[in-house]
Ligand code: HEM
């Protein structure tokens, strides 16, 4: 029986593997710099660039697998998907962020994607170790729905993609002429994926709400903010339709929308608007 | 390219400036209406006015289709207008997200600008209407030049359009009531929000209310304050018949026996009796080597029919059982309709019953009695627009899934442009 007590035995190896992966990436860069300094004398190389990339990818994959096994064992031993508490959702965030980081790295070859996603994934592990928030809560009847798992997974996947989009936007803002076309393409692509998933999560939430609470949309503060967030990304997507060269303002909209996303996810509870709200999400 | 070209205001082709002026002007009109007439009254959209509003949107869209080469309609159904309207809607929902909102029938709304009742305020309603109009024209324009490969566009925009219309007009025709029914009785009356008694075209006979509970937890409470320890960060231990040992702070716990539906014998022991008045009980060994404490005894949370049992650990602390949380509750009912139909059904959370345009939801029960409750409450929702909502919703969901692949296609297309 796996419980949170065993978390460290999976989390630490995963983090070590990811750290190794980032070191390999970084080490390769330094090495090639040194090599080009010595007039490109390839004979000092132990591994080729390509081999470094492959090694790094395998290390990442091993970490993802170790972490995935922990989630699977937790699911089996709790007899419900581990998605109820904050600590449990962080597990998924870590898992998907590292997996998606790997896939995107293999596709676009930007080092920052891999190192960024692995660092953030590790930060979520560290938060889970320091502040577990794992008081096991049984699933109340309203949460026992076939929509629950797809709803949460779409949202978490979407958060991971939209975080990557935000980093890409920030990197682009640092460039004078915004001319890195491969990065702009990545940004467009990742926003489409992230936004598609965001809408799937939101709309499945509406289908579920209808079955569980009798109405598909109640303008509860969380729903209101999800709507605002969607509108932010919608503006970005439509602005881009008529843009040939990306504008700074458009990049700022990506960052602004991500702030809205964070408010939807975490911030809503602290807003005055949520204080007087009828709690749609509790049955009592 | 086109948006950097210099041109004067109001000179064709119109773009963002004119769109901003339009959306700003419309918001201003809305604010003036709000100040003078108060909230928009959704009830005026009640059948058949809602249908007439829908017809108006279709007629205007038809007009656009006929005059689709006119520069006015080109502007009104163009990207700058869409973006600006979405931004306008975003602005007012942002207010909704920041200012605490008041529900319907709340008499003391404070904000003359309608900021605490945004969904019923004029600026929001006007922008919503213009969004629907614009979306309808955008979609019609694309359908004029129909291409199969635009399937994602059609699903997203048509789906959203249907959803916005059905939800917007549907808000006026929607009715929700809560009905309380006692076992063995038949009920057809409900109370409205205003407290008036209404008779519905639907009656519910409750045959049986059934409930299951989760295995409860153990906690150690301070006798004085009644708070679980450690103070402020209480630890609850989930009773588990597989992983039988655990601890709370420095108190070790071990489950010796657990009975989910227990009734107390005359002495302090329990036996399994599946009946409404039963409650969970656990035989637990609790020890604390540091102070040399060890005891094995029954702990029970108690309920309306049975006393609770605790283990006294020392002068301040007691080992107690938490109240079990509901796992499932279900009503076995017969629903009668005016059209003389008799429908037997099991209604459960997440498993509502549909009868004509009515939806019956399991709502609540007598929580003091829990499992032994003999009353059950239902929420009855009348929503004639719901089938359209579902059509729009599922089209939109399909469109969103496609968008995930669509992005990849877009990135490939842009690769070939010469401008970026
Ligand atoms: C809120 C209301 C919306 C409005 C007013 C609107 C408006 C527009 C307009 C004017 C276009 C350009 C059409 C053209 O080039 O002929 C467009 C394209 C597009 N919209 Fe929307 N849209 C809305 C919602 C959405 C939603 C919810 C999504 C995605 C889930 C979406 C995704 C797209 C995509 C992907 C395109 C590009 C289609 C293509 O080029 O094939 N839009 N939209």
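Chains as they are written, first to last, in my numbering: chain A, 305 to 588; chain B, 7 to 426.
Don't be surprised by glycine CBs; every beta carbon is placed ideally from N, CA and C.
In this text, all values refer to a predicted model and were calculated from it rather than measured experimentally.
Query raised in the report: Where DSSP assigns a beta bridge to residue 331 (chain A), which residues make up the other side?
Result: Residue numbering aside, residue 331 (chain A) sits at position 27 when the first chain is read from its first letter. Paired residues: none, contrary to the question.
Query raised in the report: Using a Cβ-Cβ cut-off of 8 Å (strictly less than) and excluding sequence neighbours within five positions of residue 312 (chain A), which residues of its own chain qualify?
Result: Taking the first chain and counting its residues from 1, one reaches residue 312 (chain A) at position 8. Contacts found: 433.
Query raised in the report: Quick one: Cα of residue 573 (chain A) to Cα of residue 452 (chain A), how far?
Result: Translated into the one-based positions of the first chain, residue 573 (chain A) becomes position 269. Translated into the one-based positions of the first chain, residue 452 (chain A) becomes position 148. So the alpha carbons of these two residues sit roughly 21 Å apart.
Requested in this report: Measure the C-alpha to C-alpha separation of residue 382 (chain B) and residue 388 (chain A) and round it to an integer number of angstroms.
Outcome: The residue given as residue 382 (chain B) occupies position 376 in the second chain. The residue given as residue 388 (chain A) occupies position 84 in the first chain. The straight-line gap from Cα to Cα measures roughly 27 Å.
Query raised in the report: Near residue 460 (chain A), which residues of its chain fall below 8 Å by C-beta distance, leaving aside the five closest residues on each side in sequence?
Result: Against the first chain, residue 460 (chain A) aligns to sequence position 156. Excluding positions up to five away in sequence, the list reads 393, 396, 397, 400.
Requested in this report: Let me know the secondary structure DSSP gives residue 470 (chain A) once reduced to three states.
Outcome: Counting from 1 along the first chain, the entry for residue 470 (chain A) is found at position 166. In the structure shown, residue 470 (chain A) sits in a helix (DSSP, three-state: H, G or I).
Query raised in the report: Got a sec: which bits of the segment 378-392 of chain B sit with their beta carbon under 7 Å from any beta carbon on chain A, in order along the chain?
Result: Correct list: 385, 387.
Report task. Grab the span of the alpha helix (DSSP H) containing residue 371 (chain B) for me, first residue to last. Result -> The count along the second chain starts at 1 and reaches residue 371 (chain B) at position 365. Per DSSP, residue 371 (chain B) belongs to no alpha helix (DSSP H); it is in the beta strand (DSSP E), 364-371.
Query raised in the report: What are the residues that DSSP puts in a beta bridge with residue 331 (chain B)?
Result: In the second chain, residue 331 (chain B) corresponds to position 325, counting from 1. DSSP output for residue 331 (chain B) lists no bridge partner at all.
Query - C-beta neighbour in chain B for residue 408 (chain A), strict 8 Å - result: Along the first chain, one-based indexing puts residue 408 (chain A) at 104. Not one chain B Cβ lies under 8 Å of residue 408 (chain A).
Query raised in the report: How would you list, in chain order, the residues of chain B whose beta-carbon sits under 9 Å from the beta-carbon of residue 319 (chain A)?
Result: As a first step, residue 319 (chain A) must be located in the first chain, where it is residue number 15. By Cβ distance, chain B contributes nothing, its closest Cβ being about 26 Å from residue 319 (chain A), past 9 Å.
Query raised in the report: Counting contacts by CB-CB distance shorter than 8 Å, is residue 362 (chain B) in contact with chain A?
Result: Against the second chain, residue 362 (chain B) aligns to sequence position 356. Not an interface residue.
Report task. Below 7 Å between beta carbons is the criterion; list the residues of the segment 165-186 of chain B that meet it against any residue of chain A, in chain order. Result -> 173, 182
Query raised in the report: Does any residue of chain B bring its CB to less than 8 Å from the CB of residue 529 (chain A)?
Result: In the first chain, counting from the first residue as 1, residue 529 (chain A) sits at position 225. By the rule that beta-carbons nearer than 8 Å mark a contact, residue 529 (chain A) touches chain B.
Query raised in the report: By how many angstroms is the C-alpha of residue 283 (chain B) removed from the C-alpha of residue 266 (chain B)?
Result: Position 260 of the second chain holds residue 266 (chain B). Position 277 of the second chain holds residue 283 (chain B). Whole-angstrom Cα-Cα distance: 12 Å.
Query - Residues bridged to residue 287 (chain B) (per DSSP) - result: Along the second chain, one-based indexing puts residue 287 (chain B) at 281. Answer is B:265, B:306.
Report task. Please report the residue range of the beta strand (DSSP E) in which residue 204 (chain B) lies. Result -> Taking the second chain and counting its residues from 1, one reaches residue 204 (chain B) at position 198. Where residue 204 (chain B) is concerned, the enclosing beta strand (DSSP E) stretches over 203-219.
Query - Meets three-Cβ-pair contact criterion under 8 Å: the segment 57-69 of chain B and the segment 526-545 of chain A - result: no
Query raised in the report: Using the beta-carbon count (16 or more within 10 Å), is residue 53 (chain B) buried or exposed?
Result: Within the second chain, the letter at position 47 stands for residue 53 (chain B). The residue is exposed, with fewer than 16 neighbouring Cβ atoms inside 10 Å.
Query raised in the report: Tell me which same chain residues have a C-beta within less than 8 Å of the C-beta of residue 344 (chain A), skipping the five on either side of it?
Result: Within the first chain, the letter at position 40 stands for residue 344 (chain A). Unreliable placement is indicated for residue 344 (chain A), whose pLDDT of 46 sits below 50; no coordinate value is reported for it.
Report task. For the alpha helix (DSSP H) containing residue 446 (chain B), list its first residue and its last residue. Result -> Absent from the model: residue 446 (chain B). The displayed extent of chain B is 7 to 426, so no value can be given.
Report task. Grab the span of the beta strand (DSSP E) containing residue 185 (chain B) for me, first residue to last. Result -> Position 179 of the second chain, counted from the first residue, corresponds to residue 185 (chain B). First-last of the beta strand (DSSP E) with residue 185 (chain B): 181-188.
**Report entry** Near-chain B residues of the segment 382-404 of chain A - C-beta to any C-beta below 7 Å
**Finding:** Against chain B - using a Cβ distance shorter than 7 Å - the segment 382-404 of chain A contributes no residues.
Query raised in the report: Okay, do the segment 224-233 of chain B and the segment 381-401 of chain B touch, 3+ Cβ pairs below 8 Å being the bar?
Result: Judged by Cβ distances under 8 Å, the segment 224-233 of chain B makes no contact with the segment 381-401 of chain B, as fewer than three pairs qualify.
Query raised in the report: With a CB to CB cut of under 7 Å and the five nearest residues on each side skipped, what residues in its chain are close to residue 88 (chain B)?
Result: Taking the first residue of the second chain as 1, we reach residue 88 (chain B) at position 82. So the list reads 140, 144, once near-sequence residues are dropped.
Report task. Anything in chain B within Cβ reach of residue 552 (chain A), meaning under 7 Å, just list it in chain order. Result -> Within the first chain, residue 552 (chain A) is the residue found at index 248, counting from 1. In chain order: nothing, as chain B lies at least about 14 Å away.
**Report entry** Exposure of residue 309 (chain A), with buried meaning 16 or more beta-carbon neighbours within 10 Å
**Finding:** The count along the first chain starts at 1 and reaches residue 309 (chain A) at position 5. Counting Cβ neighbours within 10 Å, residue 309 (chain A) comes out exposed, since fewer than 16 surround it.
Query - chain A contact for residue 47 (chain B) (CB, 8 Å cutoff) - result: The residue given as residue 47 (chain B) occupies position 41 in the second chain. No, because no Cβ of chain A sits closer than 8 Å to the Cβ of residue 47 (chain B).
Query - Validate contact between the segment 121-138 of chain B and the segment 26-43 of chain B using beta carbons, cut 8 Å, 3 pairs - result: yes
Report task. Just the chain A side, please: which residues come within less than 9 Å of residue 402 (chain B) by C-beta, in chain order? Result -> Translated into positions along the second chain, residue 402 (chain B) becomes position 396. Result: 503, 507.
**Report entry** Chain-ordered neighbours of residue 511 (chain A) on chain B, where CB pairs are closer than 7 Å
**Finding:** Numbered from 1 along the first chain, position 207 holds the residue referred to as residue 511 (chain A). Ordered by position in chain B, the residues that pass the 7 Å Cβ test against residue 511 (chain A) are 399.
Report task. Locate the alpha helix (DSSP H) running through residue 353 (chain A), then write down its first and last residues. Result -> Walking along the first chain from the start, residue 353 (chain A) turns up at place 49. Start and end: 353-382.
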